[in-house]
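*Asks:* Chains as they are written, first to last, in the numbering used here: chain X, 96 to 667; chain B, 4 to 295.
Backbone N, C-alpha and C define an ideal beta-carbon position, used for all residues, glycine too.
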Amino acid sequence: MTFTGLPGWLVWSLVALSAGLLAVLHLLRIRPQPRTVVTVMFWRQAIDAAPPRQLLQRLRALFSYVLLLLICASLLIALGRPEPAAQGGDAMHAVLIVDAGNAMRVDGPSNASRLDAARESARHWLEALSPRDRVALLSAGPIPRVQHQFTEPRAFLDRELDAIESSPLPAHDEGALRLAESMLAGKSRPRIVYVTGHAPSAEVTSRLSVPLSVVPIGAARSNTAILSCGFVPSPEDLLRGRLQVRVAYYGAEPGEVVVEAWRADGVNLMTQQNRLDNGAIRDFVSEPMLANGERVGVSARLNDADGPADRVVVALPLRRSIRVQIADDTPAPIRLALQSDPAIRLTPDAAQADVRVVTSALDATGPSLLLREGGPTTTEGSSLTLANLPITRGLDLEMDACPAGTGVLGNADVSLIRCGGSSLLNFYPPLPASSNRSAARPPNNERAFATIELSSALLSGPTGIANRPAWPVLISRCTRQLAGWSDGVVSLAPDRAADDPLWAGDHGDHERASVMPVDRISADLTRAAIATELPPGGGIWASLPEWFQMLLWIGLALLLLDAALHIRRRVP
Amino acid sequence: MPSLFDDDFIRAADSLRIRARQVPAGGRHGEHRSRTLGAGMEFRDFRSYTPGDDLRRVDWNLYARSGKLFLRLFDEPRSLPVYVLLDNSDSMYFETPPRADAAKRIAGLFAAIALNDFDSAAIHPFGADLAKPLASLSGRQNVRRVLGFLDSLVPSGPTNLVKALRKFALTPMRAGLLLIVSDFFEPQGLDAVADALRSVRHKIGFIQLTHANDASPVGEGEYRMTDCESGASVEVAMTPAVLDRYRRAYEAFNRQLDEMAGRRNAAHLRLDAGKPVLDQIGELFRNRVFVT
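(1) Who are the near neighbours of Gln368(X) in its chain, counting only those whose CB is closer than 8 Å to its CB and skipping five residues on each side?
(2) Can you give me the C-alpha to C-alpha distance between Lys282(X) and His188(X), rounded to a whole angstrom?
(3) Excluding the 5 residues preceding and the 5 following Met384(X) in the sequence, name in chain order all residues of the same chain whose CB lies nearer than 8 Å to its CB.
(4) Compute the Euclidean distance between the alpha carbons of Glu222(X) and Glu215(X), then round it to the nearest angstrom.
(5) With three or more C-beta pairs closer than 8 Å as the rule, is the segment 295-305 of chain X touching the segment 220-234 of chain X?
(6) Give the residues from the segment 126-144 of chain X that approach chain B closer than 7 Å (Cβ to any Cβ), ordered along the chain.
(7) Does DSSP put Cys573(X) in a helix, a strand or coil?
(8) Do three or more CB pairs link the segment 315-327 of chain X to the segment 256-276 of chain X at distances below 8 Å?
(9) What whole-angstrom Cβ distance do Ile321(X) and Ala395(X) have, given they're in contact under 8 Å?
(10) Any chance the CB of Arg258(B) is under 7 Å from a heavy atom of the ligand GDP?
(11) Any C-beta of chain X within less than 7 Å: which residues of the segment 99-117 of chain B qualify?
(12) Since Ala252(B) meets chain X, which of its residues come closer than 7 Å, beta carbon to beta carbon?
(13) With a threshold of 8 Å on Cβ separation, who are the neighbours of Pro158(B) within its own chain once the five nearest residues in sequence on each side are excluded?
(14) Could you tell me whether any Cβ in chain X is nearer than 8 Å to the Cβ of Phe97(B)?
(15) What is the rounded straight-line gap between the Cα of Phe171(B) and the Cα of Pro190(B)?
(16) Does the beta-carbon of Gln244(X) have 16 or more other beta-carbons within 10 angstroms, so that it is buried, or is it exposed?
(17) Is the distance from the Cβ of Met241(B) to the Cβ of Gly224(B) below 8 Å?
(18) What residue range is occupied by the uninterrupted alpha helix (DSSP H) comprising Tyr52(B)?
(19) Against chain X, with Cβ distances strictly below 8 Å, would Glu238(B) count as a contact?
(20) Does the segment 265-280 of chain B come into contact with the segment 201-214 of chain B, if we say contact requires no fewer than three beta-carbon pairs (one atom in each stretch) closer than 8 Å?
(21) Let me make sure I understand the geometry here. Which of Val342(X), Leu371(X), Phe326(X) and Val362(X) has the alpha-carbon closest to that of Glu348(X)?
(22) Take every Cβ of the segment 164-178 of chain B, pair it with every Cβ of the segment 61-75 of chain B, and state whether three or more of those distances are shorter than 8 Å.
(23) Quick check: Val239(B) and Ile142(X), are their CB atoms within less than 8 Å of each other?
(24) Going by beta carbon distance, what residues of the same chain come within less than 8 Å of His214(B), once the five residues before and after it are set aside?
(25) Just the C-alpha distance for Ala16(B) and Asn64(B), rounded to the nearest angstrom, thanks.
(26) State buried or exposed for Pro426(X), treating a residue as buried only when at least 16 other CB atoms are found within 10 Å of its CB.
(27) Are Leu180(B) and Val85(B) close, meaning C-beta to C-beta below 8 Å?
(28) Give the straight-line distance between the Cα atoms of Phe326(X) and Val585(X), rounded to the nearest whole angstrom.
(29) Which runs of the beta strand (DSSP E) spanning at least 3 residues fall entirely within the segment 216-276 of chain B, listed in chain order?
(30) Hey, is Arg227(B)'s beta-carbon within less than 8 Å of any beta-carbon in chain X?
(31) Contact criterion: CB-CB distance below 8 Å. Does Arg273(B) meet it with respect to chain X?
(32) Roughly how many angstroms lie between the CA atoms of Leu105(X) and Leu157(X), to the nearest whole one?
(33) Kindly indicate if chain X contains any beta-carbon less than 8 Å away from that of Asp198(B).
(34) With a CB to CB cut of under 6 Å and the five nearest residues on each side skipped, what residues in its chain are close to Pro567(X)?
(35) For the alpha helix (DSSP H) containing Glu260(X), name the first residue and the last one.
(36) Rounded to the nearest angstrom, what separates Ile259(X) and Ser304(X) at their Cα positions?
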């Protein structure tokens, strides 16, 4: 056993000496004070008239002594923090990891953040250690960081802990745990203590070779978060579409989630309520609205007033008619196909055009539909197949037994379109999903703008492809793609720095969200399974409430004062 | 050691008197009126002449008027011996200030008054036994001698008032006024004192010397009380209940002493030994006269 680092024999000698000293003090205290009087006559009468109390007085004196011993023992234990010798008396080496990820920004019930609570929990744990233990401090943000190397527990607490700040990105548990493990290599009695608002995955923790204690911070709360916002164009009118809000919910019980959207002038665009199960993700979709580029506020909240809310501001896509510049000699199938699309407006002005129909690559000064004269054609009897591309998907344009000379078209989304072994016609450059007029450098440096090549042979010839109902749809799709339009959901980047609702809410219309993003919901669900053991080596004193500690100190001070006064009376 | 008796004390004694309602027969000429009609200076009555009476006492004016012989009668002043049985035991010297100082002062006061009034005074100190007394003295000129004797007294052992009284009672002396000056903390108890007083034929006066702590002892906690004379001890926890019982015992003691004085028709004065004696004797001396 160790006691303030002293060997056992010395400790027991001190204990015996202390007990003896206390016994002497106690005996001095309870001994009657001598007093000489003129006569004891009246005192005898006073005592004779009283019932005998000797036994009670002796018991009281004994109880007083025992109480004195207990108080002194408690204080000695508090000061000395005795510990049984373990592993030859080696000191414990621990790495204390404090979660500094964005989840620690969540406000707790007292408006302090989880990180504040983590600091306090870390301090409490450090105070329970013995002076011989050594502790290193890590902060677990997206990149784990060593705050302090191994040192005596009480050496560095406040400053280093206060220096830890939460990151807008999630904590990298595995990185922090691996780093801690490496720091503990070769150390005696290694241990990792992770103070966090979530549980590291079992997959990560199971691979550790060092004992791990997880100290959970924060209580699980029902909450909801906006995972993403999107604009879903209406199939019949790409100038209009619906606002899609993808929301996740976490809670011990299913909860009512209310999603609202409103325009900048406060006009309500959407109010929907749905009951979601724990961990559920659901899309809330509004009525069709114009893609007019305006900013729209979106919020997701729980139906009970106390629940935290998530709020974002997104900008709707700005869509207008696609201006397509055609020439007088633009073939009729092309012209008619373009005219059939209400989203397309033909214009002779090339400067204002979004898309141009050209016959020469040299005229492609912007996104262009290039009608190539000639081009690869099919051989007799070959089949025309179209790759399963977004612009060709679902279109009935395939043919078997193409007559010779059938033109083909290519799309750079897929590397090859083959028809009877003919070569490929590529797009330059590959078109991104979102509207993007920036041009990538083509491999042959010939074209700098998005271009779809059409063989003019498709417009003539015996296939009659241009007469098929799918033909104007193909042309419309090509044009829309060149204009940067997408039939699919347009992702609306919320106006916040990171796709994480826990990002500090001091940007524009945001609030500080007290919600958990979906990637942590599963972790929250396992919160109940988190081990809550405290590390060994703590003193008994630390487990006592502070008010009780104060009472013991006061009690000892009073007892010593009382003993001193009794001694003084006996010493002239 | 400075004297307990200063000039102011002696002057105070000059102005005080002792008057006895009843003066015992016999004795010398003194200042007290006795029952006997004698040849004193104060006219009291007439009586018829009988043969053999002193013709110098015949009132010739009355004879001239009445033709009959009458004698003038005057009060016969007699002396009142004052005996002071002074407690000189160890307990009287224990405290600060010692009760013995007040006892000696009151004893000296009464002795001086008696001597100033042409009475006799004697001091009989006692402790474990009657000590050597200062035998009866008369005359003003012996006042200082008495006071000097009192100044010279030293403690004479533990208290035994009973023994002292019994011995005093056996001592042949003229009946007079016996003043018992003591704290009356007789180990044998007041009953034994009362029993011993039965054999005393003098008029009695009790002068009880007290201290403030007698009635209300001060202290807290556990004590071992040791008697300053006998060395007997008793352990006491000075709780409020014990203190209350103590006070009741002390009050019972005082009541018993009062009753004892009442039965003997004796004066009873309680003197606080911590205060000046002369300031406390007003109870005894009305119009500067102590009537016994």
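*Replies:* Reading from the atomic positions:
(1) Glu351, Val352, Val353, Val354 and Asn398
(2) 6 Å
(3) Arg335, Gly336, Arg337, Leu338, Leu364 and Leu411
(4) 11 Å
(5) no
(6) Pro127, Gln128, Pro129, Arg130, Thr131, Val132, Val133, Thr134, Val135, Met136, Phe137, Trp138, Arg139, Gln140, Ala141, Ile142 and Ala144
(7) helix
(8) no
(9) 5 Å
(10) Because no ligand of any kind appears in the structure shown, any question about the ligand GDP cannot be addressed here.
(11) none
(12) Phe137, Gln140 and Ala141
(13) Asn91, Ser92, Asp93, Met95, Tyr96, Ala103 and Gly130
(14) yes
(15) 19 Å
(16) exposed
(17) yes
(18) That residue, Tyr52(B), is in no alpha helix (DSSP H); it is neither H nor E in DSSP.
(19) yes
(20) yes
(21) Leu371(X)
(22) no
(23) yes
(24) Glu98, Arg102, Asp275, Ala276 and Gly277
(25) 43 Å
(26) buried
(27) yes
(28) 5 Å
(29) 224-230, 236-241 and 270-275
(30) yes
(31) no
(32) 28 Å
(33) no
(34) Ala432 and Ser435
(35) Segment: none, Glu260(X) is in no alpha helix (DSSP H) and carries neither H nor E.
(36) 26 Å
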